[in-house]
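Protein chains in written order, with the numbering used here: chain A, 7 to 238; chain B, 53 to 368; chain C, 259 to 735.
All residues carry an ideal CB built from backbone N, CA and C; glycine is no exception.
As the structure is a computational prediction, the values presented were derived from the model and not from experiment.
What follows is a short report on a single structure.
The structure is reproduced here in structure tokens:
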């Protein structure tokens with residue numbers, strides 16, 4: 007009778023450790039300069055997400071969460087990286103250092119600010135919440151914020167895309183703890199993630215072919231007022 | 053009381069005598085991982101022996117600081133040894149003389165004197181090394197401070213013995229995200245502070261790329277031996293703080309007996325060997341960062357430490 | 259069963275387009291599909307006005323007043339878009355039959371995803387459908403493969419998917435509220451009943467996440483940056499769909515959750531809607547003056563119209579009827595505007611306002627339709643938008659929001675001036691291009707498109723009024 011309780015407690019603690027690593031992975035993903043490194047950190051992050059889903063599934067006796075974990079591993083740690091390498095191989099393998107709009111120390115400070123923000127924003131919801139929610143909700147929200155920030159300061163197609171999927175990871179990391187929604191929805195969402203990456207990756211390849219670069223910051227043709235190189 | 057003092061001396065001796073071994077082991081494992089044979093594990097002892105028997109060359113331009121600095125650098129890790137739990141998990145004679153902040157200060161006092169000596173000799177590389185080490189250290193110090201803050205939030209103290217007891221007390225404390233983040237930040241600090249890859253390449257002999265090594269280019273003979281030995285001990289002391297206080301706070305002697313102490317020596321040695329393997333893996337699998345990327349690396353350590361502090365109040 | 263058939267028809271058409279190399283059959287099937295969906299949605303709307311709601315799969319798929327209104331509007335715009343693309347795509351991609359085939363496959367799949375949004379009864383499933391509309395329309399936006407079109411598609415994909423992902427966390431928070439109250443059914447109506455028991459902070463955070471998330475895809479300022487690009491670079495039938503009905507369909511999700519969020523004490527949600535609505539109207543009005551591309555002009559007009567609808571939403575129960583009325587007139591008018599703009603593009607092969615002159619002599623049909631539909635969307639009297647905007651003004655006056663009314667009047671006057679100024683430049687003067695005749699299907703679309711704009715401008719048929727009233731019931735808790 008006493009034994010499962012102790013093991014559950016330790017599992018909840020392991021979930022906390024996973025949460026800390028998950029948060030850290032988002033910060034590291036933000037600072038990486040090579041496309042391949044970003045991809046690798048994204049894979050690690052997705053694996054952490056699925057580990058958390060497995061732990062929560064075990065704790066809450068929910069087969070659905072287990073399935074969610076399985077879908078996450080298959081979709082995000084295997085299928086999506088494969089897809090990316092298939093469609094954008096040269097872009098990912100190139101050792102080019104990718105640019106940021108904001109330099110790293112400032113980005114790190116902003117990441118800290120976002121962490122503080124997300125913790126204090128959800129603080130009213132955490133009173134008396136379960137230990138897993140205590141970890142997953144603020145961490146998930148924080149990863150979501152950091153992902154949005156990463157997306158806005160990245161100038162390259164591949165890191166932007168991975169930041170997009172990292173936002174997804176953040177949302178679902180919080181989601182698996184607070185709402186054990188039905189497996190069908192999660193399955194649909196997992197497939198959707200793969201579709202999103204497929205579509206965006208093909209788009210990036212078309213961009214590379216027609217524009218000659220995946221540096222999306224060069225995409226400034228569409229705006230109001232005077233265009234570059236025009237007078238009056 | 054006398055036994056306490058005796059045990060304290062034992063700690064000092066362990067650090068003094070074992071630290072070159074871990075350096076030799078690190079070199080050996082790294083060479084093995086790179087599919088080379090590598091020098092013997094005991095090579096640092098031979099080196100020290102050889103250096104102590106050599107004559108010393110001291111520039112006529114230099115002042116007393118140059119001759120004095122190696123002794124300070126050598127003694128500072130030994131002083132820290134008195135403050136931290138190397139072998140026992142009960143406080144020894146000097147335990148409450150200083151906390152982790154004091155330990156940090158004592159260590160940086162040693163580095164500071166070495167820095168002065170490097171500039172005292174008046175060579176170009178000495179200045180370069182000094183300014184670069186300053187850059188790294190000035191970035192490391194805030195992280196140190198934040199780590200201590202987080203630790204004191206968690207354990208309500210910065211005395212190493214009490215902190216150690218806190219992490220052991222409950223699994224909830226040990227597995228809290230704060231703990232993990234502190235450990236991660238601390239490992240990154242150790243890599244930076246002891247001049248390991250990815251911050252510095254200790255095996256490099258190219259003067260322009262050196263950071264830590266450039267400070268000791270002017271030393272020779274027994275001074276060089278002292279500086280090297282001091283460096284070995286610094287690495288060991290920092291690893292022991294990490295292992296015995298933060299990461300694996302188990303396996304220390306809990307009784308006031310000699311046998312327990314001997315067993316603790318074996319267990320602690322095994323733990324440090326494990327950490328040395330980890331460092332070897334890190335050193336062989338990563339590349340040295342460019343000088344201007346070092347702030348990024350330390351920035352991540354900083355964020356890790358700060359996040360550890362922010363997260364702490366939510367997991368009481 | 260009709261409900262499930264509505265999204266299935268475009269899927270079938272897509273299959274035909276995929277398997278069948280003959281373009282004529284594909285075109286025919288697509289138009290037939292458009293007619294069939296419109297008929298089905300009209301039947302649905304009729305049934306809903308009698309039975310209030312129809313459910314196929316309890317707790318999964320069903321339709322009520324609000325969904326029926328959206329479906330009918332979708333049906334209408336889809337029909338016109340399918341007819342329009344017959345001649346338009348033939349002329350634009352004359353040399354590439356394969357590209358046309360790709361277009362039709364993608365186009366029909368997009369239509370299917372669009373029809374899926376209003377029929378689900380669960381927020382999570384609706385979210386999936388919303389995400390599908392983005393994923394399936396990305397290649398339509400970038401269909402021309404020019405650097406500009408690809409840029410627009412990239413921004414569209416990245417920003418809107420980001421928005422949808424932010425919104426999903428908000429939905430999770432709402433579902434958490436249900437779970438905490440031990441409600442196992444996760445439908446809209448369950449949320450509405452349970453909302454009063456949920457913690458206020460939780461509702462607030464969920465509202466902000468959902469509002470910003472879906473608001474990004476609706477094009478609310480300041481998350482609108484992708485909208486003018488995507489809605490101007492896509493092929494015209496797609497523009498008409500995106501601007502006319504797609505943004506509205508996403509706004510539908512926010513409307514669906516409105517009864518939930520209205521329960522946040524202190525009018526929190528209403529204030530957000532009012533403020534962001536006014537910001538959108540104002541920003542769009544100012545930007546409309548300085549655009550140089552006539553499709554962008556109307557894309558900004560969409561931002562403006564969405565702002566008006568949000569203001570209507572923020573006015574509280576008094577504004578609901580006016581808001582839905584505006585929604586209806588915007589859908590029919592905006593698609594017509596884009597059809598006219600597309601006709602101008604066919605005649606001149608340029609989108610630049612400055613290089614088009616004397617349009618009235620290049621193509622009188624296109625010029626007349628553009629001028630009148632431009633006036634219609636700007637809110638000139640004998641057309642539909644005029645009446646609905648008047649209803650919004652009246653609602654804001656009745657609910658005591660005088661400042662809102664004044665600001666709206668100023669911004670709308672600015673927008674009117676902006677549209678008129680640009681159209682004036684294009685339509686009169688020395689002709690810049692040789693005279694052409696438009697494809698028959700384009701002219702036909704313009705004729706069909708004008709019918710509801712004129713009819714609704716003159717009077718509101720009783721059946722439409724009944725449907726709108728029914729819909730306001732859905733918005734009330």
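Taking 7 Å as the limit between beta carbons, can you name the residues of its chain near residue 209(B), skipping five residues before and five after? Here the set comprises 215.
Nearest-angstrom beta carbon gap, residue 349(B) and residue 235(B) [assumed within contact, 8 Å]: That pair is no contact at about 17 Å.
Under 8 Å by beta carbon: chain A residues contacting residue 457(C): Those within 8 Å of residue 457(C) in chain A are 130, 131.
Residue range of the unbroken alpha helix (DSSP H) whose run includes residue 707(C): 698 to 716
So does the stretch 57 to 67 of chain A actually touch the stretch 251 to 270 of chain B, counting three or more Cβ pairs closer than 8 Å? no
Cβ-based contacts, 8 Å cut-off: residues of the stretch 17 to 40 of chain A near chain C: none
Less than 9 Å between CB atoms is the rule here; does residue 165(A) satisfy it with respect to chain B? For residue 165(A), the answer is no, since every Cβ of chain B falls outside 9 Å of its Cβ.
Which residues share a DSSP beta bridge with residue 321(C)? 312(C)
Close Cβ partners of residue 529(C) (< 8 Å) along its chain, the five nearest in sequence each way excluded: The residues are 572.
Comparing the C-beta of residue 156(A) with each C-beta of chain B, is any distance below 9 Å? no
Strictly by DSSP, which residues pair up with residue 305(B)? 140(B)
I need the boundaries of the alpha helix (DSSP H) containing residue 2(A), first residue and last residue. Absent from the model: residue 2(A). The displayed extent of chain A is 7 to 238, so no value can be given.
Residue 74(B) versus residue 124(B): straight-line alpha-carbon distance, rounded: If you take the alpha carbons of residue 74(B) and residue 124(B), they lie about 22 Å apart.
Buried versus exposed, by CB contacts within 10 Å (16 or more), residue 106(B): It counts as exposed.
Would you call the CB atoms of residue 491(C) and residue 400(C) closer than 9 Å? yes
How about residue 267(C) and residue 291(C): are their beta carbons less than 9 Å apart? yes
Please confirm whether residue 28(A) and residue 154(A) have their CB atoms less than 9 Å apart. no
Give the C-beta separation of residue 454(B) and residue 334(B) to the nearest angstrom, bearing in mind that I take them to be a contact with Cβ-Cβ under 8 Å. Chain B is shown from 53 up to 368; residue 454(B) falls before or after that span and cannot be answered.
Residue 220(C) and residue 363(C) closer than 9 Å at C-beta: Nothing about residue 220(C) can be reported from this structure: the residues present for chain C run from 259 to 735 only.
Closest to residue 318(B) by C-alpha separation, out of 211(B), 305(B), 204(B), would be which residue? 305(B)
For residue 46(A), the first and last residue of its enclosing alpha helix (DSSP H): For residue 46(A), the enclosing alpha helix (DSSP H) starts and ends at 41 to 65.
Per the contact definition of three or more C-beta pairs closer than 8 Å, is the stretch 591 to 599 of chain C in contact with the stretch 707 to 722 of chain C? Contact annotation: the stretch 707 to 722 of chain C touches the stretch 591 to 599 of chain C, with at least three C-beta pairs closer than 8 Å.
For residue 75(A) and residue 8(A), the rounded distance between their alpha carbons: Unreliable positioning characterises residue 8(A) in this predicted model, as indicated by a pLDDT of 48, which lies under 50. The coordinate reading is nonetheless provided below. If you take the alpha carbons of residue 8(A) and residue 75(A), they lie about 28 Å apart.
What is the DSSP secondary structure of residue 192(A), reduced to helix, strand or coil? It is helical.
Separation of residue 55(B) from residue 302(B), as counted between CA atoms: Distance between the alpha carbons of residue 302(B) and residue 55(B): 22 Å.
Below 8 Å on C-beta distance, what does residue 782(C) contact in chain A? As displayed, chain C neither begins before 259 nor continues past 735, which places residue 782(C) out of reach and without an answer.
Going by beta-carbon coordinates alone, are residue 144(A) and residue 156(A) separated by less than 9 Å? no
Against residue 138(A), what residues of chain B qualify as contacts under a CB-to-CB distance less than 8 Å, listed in chain order? Going along chain B, no residue has its Cβ under 8 Å from residue 138(A), so there is no contact; the nearest lies around 12 Å.
By Cβ distance, which residues of its chain are closer than 7 Å to residue 508(C), with the 5 residues on each side in sequence left out? 388, 472, 475, 476
Grouping DSSP H, G and I as helix and E and B as strand, with all else coil, what is residue 160(A)? strand
Quick one: residues in its chain with C-beta nearer than 6 Å to the C-beta of residue 220(B), no 5 flanking neighbours on either side, listed in chain order? Excluding sequence neighbours, residue 220(B) sits near 301.
Just to confirm before moving on: does the CB-CB distance between residue 104(B) and residue 282(B) stay below 9 Å? no
Give the residues of chain A in contact with residue 228(B), contact being defined as C-beta atoms less than 9 Å apart. 19, 22, 23, 26
Taking only beta-carbon positions, decide if residue 599(C) is within less than 9 Å of chain A. By this cut-off, residue 599(C) is not an interface position.
For residue 6(A), would you say it is in contact with chain C, using Cβ-to-Cβ distances shorter than 9 Å as the test? Residue numbering for chain A in the displayed model covers 7 to 238; residue 6(A) lies beyond these limits and cannot be assessed.
At 7 Å on the CB atoms, spell out the chain C contacts of residue 108(A), in chain order. Within 7 Å Cβ-Cβ: nothing; residue 108(A) doesn't reach chain C, min ~18 Å.
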